[in-house]
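A.B. asks: Have a look at this one.
Number of protein chains: 2
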Amino acid sequence: MQALSKTTIYAIRALIYMLNNQQTNQYINIRDISNDLDISFHFLTKILQSLTKQGLLSSYRGATGGIAISKNPQNIRLIDLIYILEGNDFFDKCLLGLPGCGTLEPCPAHEIWSVAKDDLKMKFENASILDLKNLKGRITNESLELATA
Amino acid sequence: MQALSKTTIYAIRALIYMLNNQQTNQYINIRDISNDLDISFHFLTKILQSLTKQGLLSSYRGATGGIAISKNPQNIRLIDLIYILEGNDFFDKCLLGLPGCGTLEPCPAHEIWSVAKDDLKMKFENASILDLKNLKGRITNESLELATA
DNA sequence: TTATTTTAAGACTTCAATATCTTAAAGATG
DNA sequence: CATCTTTAAGATATTGAAGTCTTAAAATAA
């Protein structure tokens, strides 16, 4: 199940990368991020641009330029990134894709799906990128396993 | 959040439709299903074909032909349709799309996501299309609301 | 100033899911 | 038989996400 778009996935990985590598008041090179995380440079740039426009990052051009996290990473939650990059209706969608599905005109799966969405929403509300950074997991593609999942 | 592909969504809606309309030992016309559910006829036909190959449906050609549910609808669960149409690795995917993400080499979100997936998996294991039929929800696009969600 | 580096932004390309179109095969009907 | 209807199956087209390429703008440094 691919819950998140690559756009959102790349944003999450990049932000954790930045937390791992950011010195005080230091701008981080986007090219470095894209190289280390194996993400298309131009695609990543555009994703980060939208985070800059939203005030989560600050950017600086030129030879010593780059981007930096400008918002308290404890207040950058997964759900914030999802709302910015996937849209505010992310958790409003019907499992069967039916328009107007809700309490008034529910689809057969409405109740099941609503509960599942609420559970997931809560998890995403309670997970900041600082939390994820402190969990110290892998954010690169490198894996010991031969088979991919 | 679009958890399921249109392929799986159409299959679920078509099966519930069939339960709602099926007489004893009667073949149902695919054209009728596609008309009533506003689904592309040829696309739906192919989806139903794969369910026929898997033994969930039986089909019959010719003037009085159609398709019929051949398996006990109580034993056709959402998870069965998902495995058939989305693949057996549906619940194995990493939230961040990383290959080989697992207990050995987890991504930062692995634990959160694993629990969420297990919860959802259980819901889909416990929901048969007969259950969904009995919940009597809406399976068509018709909605009273003007704004769509 | 001139050249270089980096982010910003737009145009274009690729790819897989989805949708459509056409033909074949099986069965019914007259 | 010939004709019609329906599912089966393949080819082609469309669409949006994802990825690539090119140019502009801002800042640094020679």
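Chains S and Y supply the protein sequences, listed in that same order. Numbers 2 to 150, taken from my numbering, label the letters of the first sequence in order. Numbers 2 to 150, taken from my numbering, label the letters of the second sequence in order. Think of the CB as a built atom: it goes at the ideal place given N, C-alpha and C, for glycine as much as any other residue.
1) Let's see if you can read the secondary structure: which residues bound the alpha helix (DSSP H) around residue 84 of chain S?
2) Assuming residue 12 of chain Y is part of the beta strand (DSSP E), what are its boundary residues?
3) Mind pulling the chain S residues with CB within less than 7 angstroms of residue 106 of chain Y?
4) Pick out whichever of Y/83, Y/50, Y/89, Y/113 has its Cα sitting closest to the Cα of residue 68 of chain Y.
5) Measuring straight from C-alpha to C-alpha, what distance separates residue 32 of chain S and residue 38 of chain S?
6) Give the residues of chain S in contact with residue 23 of chain Y, contact being defined as C-beta atoms less than 8 angstroms apart.
7) Taking Cβ-Cβ distances shorter than 7 angstroms, what residues in chain S pair up with residue 1 of chain Y?
8) Given a cut-off of 8 angstroms, decide if residue 131 of chain S and residue 75 of chain S are closer than it, judged by their beta-carbon atoms.
9) Assign residue 44 of chain S to one of two classes, buried (16 or more other C-beta atoms within 10 Å of its C-beta) or exposed (fewer than that).
10) If contact is defined by three or more beta carbon pairs under 8 angstroms, each pair taking one atom from either stretch, is the stretch 13–31 of chain Y in contact with the stretch 116–135 of chain Y?
11) Can you find the residues in the same chain that come closer than 7 angstroms, C-beta to C-beta, to residue 22 of chain S, ignoring five residues on each side of it along the sequence?
12) Closer than 8 angstroms, CB to CB, is residue 17 of chain S near chain Y or not?
13) Using a beta-carbon distance cut-off of less than 7 angstroms, what residues from the stretch 39–58 of chain Y approach chain S?
14) Since residue 58 of chain S is in the beta strand (DSSP E), which residue starts that stretch and which ends it?
15) Should residue 88 of chain S be flagged as near chain Y, meaning a C-beta pair shorter than 8 angstroms?
16) Distance cutoff 8 angstroms, beta carbons only. Does residue 63 of chain Y sit that close to anything in chain S?
17) Residue 67 of chain S bridges to which residues according to DSSP?
C.D. replies: Answer, in terms of the structure:
1) Segment 79–87, the alpha helix (DSSP H) holding residue 84 of chain S.
2) For residue 12 of chain Y, there is no enclosing beta strand (DSSP E); the residue is found in the alpha helix (DSSP H) stretching over 7–22.
3) Correct list: 139, 144, 145.
4) Relative to residue 68 of chain Y, the option among Y/83, Y/50, Y/89, Y/113 whose CA is nearest is Y/50.
5) Straight-line Cα distance between these residues: approximately 10 angstroms.
6) Those within 8 angstroms of residue 23 of chain Y in chain S number zero; the least Cβ separation is about 16 angstroms.
7) This structure cannot speak to residue 1 of chain Y, because chain Y is shown only from 2 to 150.
8) Taking 8 angstroms as the Cβ cut-off, residue 75 of chain S and residue 131 of chain S qualify as a contacting pair.
9) Note on residue 44 of chain S: under 16 other CB atoms within 10 angstroms of its CB, so exposed under the neighbour-count rule.
10) With a cut-off of 8 angstroms, the stretch 13–31 of chain Y and the stretch 116–135 of chain Y count as touching, because enough Cβ pairs lie within range.
11) Taking residue 22 of chain S as the centre and dropping the five residues before and after it, the same chain places the C-beta of 29 closer than 7 angstroms to its C-beta, in chain order.
12) Yes - at least one Cβ of chain Y is within 8 angstroms of the one on residue 17 of chain S.
13) Cβ contacts with chain S: none found.
14) Segment 58–61, the beta strand (DSSP E) holding residue 58 of chain S.
15) Chain Y, which has no Cβ nearer than 8 angstroms to the Cβ of residue 88 of chain S, makes this no.
16) Answer no: the Cβ-Cβ gap between residue 63 of chain Y and chain S never drops below 8 angstroms.
17) Answer is S/61.
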